[in-house]
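Convert by adding 127 to the 1-based position in the sequence shown; the result is the number in the numbering used here.
Ideal Cβ placement from N, Cα and C applies to all residues, glycine included.
These notes are about the structure you will find just below.
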Amino acid sequence: MDQITVVTGGGRGIGAAVALRLARAGHGIAIGYERARERAEETAAAVRAEGVRCLTVQVDTSVAEQVEALFDTVKAELGTITGLVNNAGITGPLGRFTDASPEVMRRVVDVNVTGALLCARRAAREMSTRLGGRGGAIVNISSGAATTGSPGEYVHYAASKAAVDAMTVGLSKELAQEGIRVNSVQPGMVVTEIHAAMGDPERPWRNPDRVPMRRPGEPEEIAGAVAWLLSPEASYTSGAVLRVAGGL
């Protein structure tokens, strides 16, 4: 069957690498983005060059109405949705927890937790065989921070990603008999623009000893894990939290 996958935060970084990797596996792709329109369109052009259809939709995943509009648009223009990559996420500035503002904390939770829940809910409604769908798979992008806690950097972000993993486990059990697999990927230190956004563009290369492999990861290395979890080869895999973090 045709595979149509929604990738939130798909315009750059890990999301863009995932979109391109899935395109090479034959997925039609819908890229959700919040602000980076030009980057989203560049990624979409690369996806289309792989011979598959691609759509870009602006969306703030923390807003229920915008999530509904995203999925409505994808369904109308690309067809039946079979996959979701819950990748949209933010960290806020690096720093000690006592210095984090309530506004930043709320926004991180709104995007990373509420946004992932809203997208997963709509995707489940589309894919559930109980509700007339044909099944599918959800991959949530978590973080190694979910288990390390990220002291001194962004404890609130780490907490939000632990919530994503809890959601993964719960949904995998709830949706198992409805044809939907739900898994999570925990990237470690990966070379993306998110480090500059949090105030430390050189962060991936600082303190290499903290990663056993002594190097940061590349977005494509995360994308491979996501693509496998969405593939038929992972047909008996659900509820897994797959760490892709160089041994950390």
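- Can you tell which of 223, 159, 220 and 168 has the C-alpha that lies nearest to the C-alpha of residue 199? Cα-wise, what sits closest to residue 199 is 159.
- For residue 207 and residue 131, believed in contact at Cβ under 8 Å, the rounded distance: Indeed they touch by this definition, with Cβ atoms about 6 Å apart.
- Query: Where does residue 71 land, buried or exposed, given buried means 16+ other C-beta within 10 angstroms?
  - Reply: Residue coverage of the chain in this structure runs from 128 to 375, which leaves residue 71 outside it and unanswerable.
- Answer yes if the segment 210-226 comes into contact with the segment 165-177, meaning at least three C-beta pairs across the two stretches below 8 Å, and no otherwise. Because the criterion of three Cβ pairs below 8 Å is not met, the segment 165-177 and the segment 210-226 do not touch.
- Check the DSSP bridge columns for residue 313 and list the partner residues they point to. DSSP lists 370 as the beta-bridge partner residues of residue 313.
- Query: When the Cα atoms are used, what is the spatial distance from residue 255 to residue 341?
  - Reply: Those two C-alpha atoms are separated by around 42 Å.
- Message: Quick check on residue 308: does DSSP put it in helix, strand or coil?
- Response: DSSP places residue 308 in strand when its eight states are reduced to three.
- Simplified DSSP state of residue 363, which is helix, strand or coil: Residue 363 falls in the coil class under three-state DSSP.
- Message: Short of 8 Å in beta carbon distance, which residues of its chain neighbour residue 323, apart from the five on each side in sequence? Order them along the chain.
- Response: Only weak support exists for where residue 323 lies, its pLDDT of 49 falling under 50; the value from the coordinates is given anyway. Scanning its chain for C-beta atoms nearer than 8 Å, with the 5 sequence neighbours on each side dropped, one finds no residue around residue 323.
- Message: Are the CB atoms of residue 238 and residue 314 within a distance shorter than 7 Å?
- Response: Going by C-beta atoms, residue 314 is not nearer than 7 Å to residue 238.
- Measure the alpha-carbon distance for residue 294 versus residue 271 and round it to whole angstroms. Rounded to whole angstroms, the gap between the alpha carbons of residue 294 and residue 271 is 16 Å.
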